[in-house]
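One structure below.
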Amino acid sequence: MRKETMLQQVMTAPGVIEFREIPVPQPEKGQVLVKIHRIGVCGSDIHVYHGKHPFTSYPVTQGHEVSGSIEALGEGVTGLSVGQKVTIEPQVTCGHCHPCTHGKYNLCEELKVMGFQTTGTASEYFAVDASKVTPLPDSMTFDEGAMIEPLAVAVHAVRRAGDISGQDICVLGAGPIGILTAQTAKALGARRVMITDVSNTRLQKALECGVDRAVNTKEEDFAAAFVGFFGPDKADVIYDCAGNDITMGQAIANARKGSTIILVAVYAGMAHVDLAVLNDHELDLNTTMMYRHEDYVTAIELVEQKKIALVPLMSSHFAFRDYLQAYQYIDENRESTMKVLIDVDR
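Quick note: the sequence shown uses my numbering, first residue 123, plus one each step.
Put into structure tokens, the structure is as follows:
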């Protein structure tokens with residue numbers, strides 16, 4: 123028998139987490155009720171924890187990287203079944219602005235994201251529109267399912283460069299998104315992939331995940347390593363997954379003339395980079411924003427095909443009531459931590 127009440131996580135102020143007992147929601151028409159199993163913690167969640175997220179106010183229930191199983195179906199829901207493993211796409215869109223009506227709802231003029239501008243999934247059960255639910259294969263673990271959201275970010279980012287088959291790719295920044303972007307580039311046909319960072323621990327993780335070359339730019343000159351690995355023609359695409367003046371400066375200064383730079387990371391503050399060189403070298407500076415449903419589908423397929431290694435990126439698990447300890451752990455182990463998972467089901 124399903125419980126009548128459930129626990130819900132609420133961050134009432136930066137660094138302050140409470141748990142409230144509230145009624146289990148009933149799925150309305152067109153909705154499903156999902157029993158939440160795993161929630162991944164990402165960099166944006168950390169910004170909220172520290173009170174530095176520019177578009178989030180308190181109180182807020184977090185949780186946007188998620189996996190679970192369908193507990194109940196609302197009226198009119200077809201194509202889904204009770205017990206089915208699922209993940210949730212956390213974008214809440216208006217449906218009527220120009221991006222929404224032209225297939226680019228990830229750029230909705232009124233975009234809200236669960237866990238930031240609207241209620242997230244950090245509760246034992248979560249009622250959500252069936253259209254936001256993506257089925258997961260039975261063979262996929264809940265841990266892997268909770269990482270489909272960040273993998274979809276990487277899939278969308280790589281696709282922003284078009285068909286990269288046979289191309290040489292450089293990724294700046296070996297955090298979880300950087301390593302997932304590097305893996306996705308290889309999975310989608312890149313010839314060679316190099317990744318950079320200033321942490322040997324993170325670079326070792328990238329190598330464990332199959333990236334071809336890892337460069338610590340504190341220990342090696344970026345320009346020399348770049349040409350040394352790719353040759354004088356350099357890379358076809360550079361993905362900046364660090365998002366700061368140093369990495370963007372490296373990209374602009376060293377990119378092959380006429381090639382492409384894609385900013386994946388959320389930039390920290392105003393940029394101070396050499397746009398004169400960008401212009402003179404006719405570089406394409408592009409950006410990427412979240413994902414769309416097709417990116418989720420591809421992300422799931424790549425994991426099913428064993429083209430993406432997720433397990434090496436899973437750093438630690440915390441029980442649901444230990445949400446605060448998870449953030450403290452991340453703060454104390456920043457260099458060695460990749461993905462922390464919250465086990466809502468224990």
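Built from N, CA and C at the ideal position, the CB exists for glycine as well.
Please state if the CB of residue j and the CB of residue i are separated by a distance shorter than 8 Å.
i, j, result
"THR215", "GLU271", "no"
"ARG414", "HIS220", "no"
"PHE469", "MET316", "Limits of the chain in this structure are 123 at one end and 468 at the other, which puts residue 469 out of reach."
"LEU463", "ALA268", "yes"
"LYS157", "GLU193", "yes"
"GLY332", "LYS308", "yes"
"GLY371", "GLU404", "no"
"ALA357", "ALA328", "no"
"PHE442", "LEU129", "yes"
"GLN131", "ALA244", "yes"
"PHE238", "VAL182", "yes"
"LYS207", "MET133", "no"
"GLY147", "TYR247", "It is worth fixing the name first, because residue 147 is Pro in this sequence and not Gly. Going by C-beta atoms, PRO147 is nearer than 8 Å to TYR247."
"VAL466", "ARG160", "yes"
"LEU273", "LEU302", "yes"
"ALA430", "LEU407", "A quick correction: the sequence has Ile, not Ala, at residue 430. No, these two residues do not count as a Cβ contact at 8 Å."
"TYR418", "THR256", "yes"
"VAL359", "ILE452", "no"
"ASP367", "VAL349", "no"
"GLY225", "TYR171", "no"
"ARG314", "THR410", "no"
"ALA135", "TYR180", "yes"
"LEU258", "ILE422", "yes"
Run the CB neighbour count on residue i, radius 10 Å, all protein chains shown included, and call it buried at 16 or more, exposed below.
i, result
"VAL433", "exposed"
"LEU212", "Note on identity: in this sequence residue 212 is Pro, with Leu being the wrong assignment. PRO212 should be labelled buried."
"THR241", "buried"
"ALA345", "exposed"
"GLN427", "exposed"
"ILE162", "Checking the sequence shown, residue 162 turns out to be Gly, not Ile. With 16 or more other Cβ atoms within 10 Å, it is buried."
"ALA377", "buried"
"VAL204", "exposed"
"HIS218", "exposed"
"GLU454", "exposed"
"GLY185", "buried"
"ASP290", "buried"
"ALA276", "buried"
"LEU435", "buried"
"LYS174", "exposed"
"GLN450", "exposed"
"MET236", "buried"
"GLU231", "exposed"
"ALA393", "exposed"
"GLN153", "buried"
"PHE103", "With the chain covering 123 to 468 only, the question about residue 103 has no answer from this structure."
"LEU202", "exposed"
"GLU341", "exposed"
Span of the beta strand (DSSP E) holding residue i?
i, result
"ARG335", "335-338"
"ASN401", "First-last for ASN401: 397-402, but that is the alpha helix (DSSP H), not the beta strand (DSSP E)."
"MET436", "436-441"
"ARG314", "314-319"
"ILE430", "Here ILE430 belongs to no beta strand (DSSP E), and DSSP marks it neither H nor E."
"ASP465", "461-465"
"ALA387", "That residue, ALA387, is in no beta strand (DSSP E); it is neither H nor E in DSSP."
"LEU129", "127-135"
"VAL359", "359-362"
Mind checking which residues open and close the alpha helix (DSSP H) that includes residue i?
i, result
"GLU142", "One point to set straight first is that residue 142 is Arg, not Glu, in the sequence displayed. No alpha helix (DSSP H) contains ARG142, which is instead part of the beta strand (DSSP E) from 138-145."
"TYR451", "445-454"
"GLU372", "The sequence shown places Gln at residue 372, not Glu. Element bounds for GLN372: 367-376."
"ALA328", "322-330"
"SER166", "165-171"
"VAL349", "344-352"
"LEU405", "LEU405 -> no alpha helix (DSSP H), and no H or E assigned at all."
"TYR413", "Where TYR413 is concerned, there is no enclosing alpha helix (DSSP H), given that its DSSP letter is neither H nor E."
Within 8 Å (strictly less), CB to CB, does residue i reach chain D?
i, result
"ALA390", "In summary, chain D is missing from the structure at hand, where a single protein chain is found."
Handout entry: Three-pair Cβ contact test at 8 Å for the stretch 313-333 versus the stretch 380-391
Key = no
Exercise for the section: Specify whether the stretch 354-369 and the stretch 291-299 touch according to this definition: at least 3 beta carbon pairs, one from each stretch, less than 8 Å apart. Expected result: yes
Handout entry: Given 8 Å, three or more beta-carbon pairs between the stretch 184-199 and the stretch 414-426
Key = no
Handout entry: Every unbroken beta strand (DSSP E) within the stretch 247-299, with a cutoff of 3 residues, ordered by chain
Key = 247-251, 255-257, 290-294
Practice task
Evaluate contact between the stretch 140-148 and the stretch 162-169, counting only Cβ atoms and requiring at least three cross-stretch pairs below 8 Å.
Solution key: no
Problem - Complete runs of the alpha helix (DSSP H) confined to the stretch 186-247 [at least 4 residues] - result: 220-223
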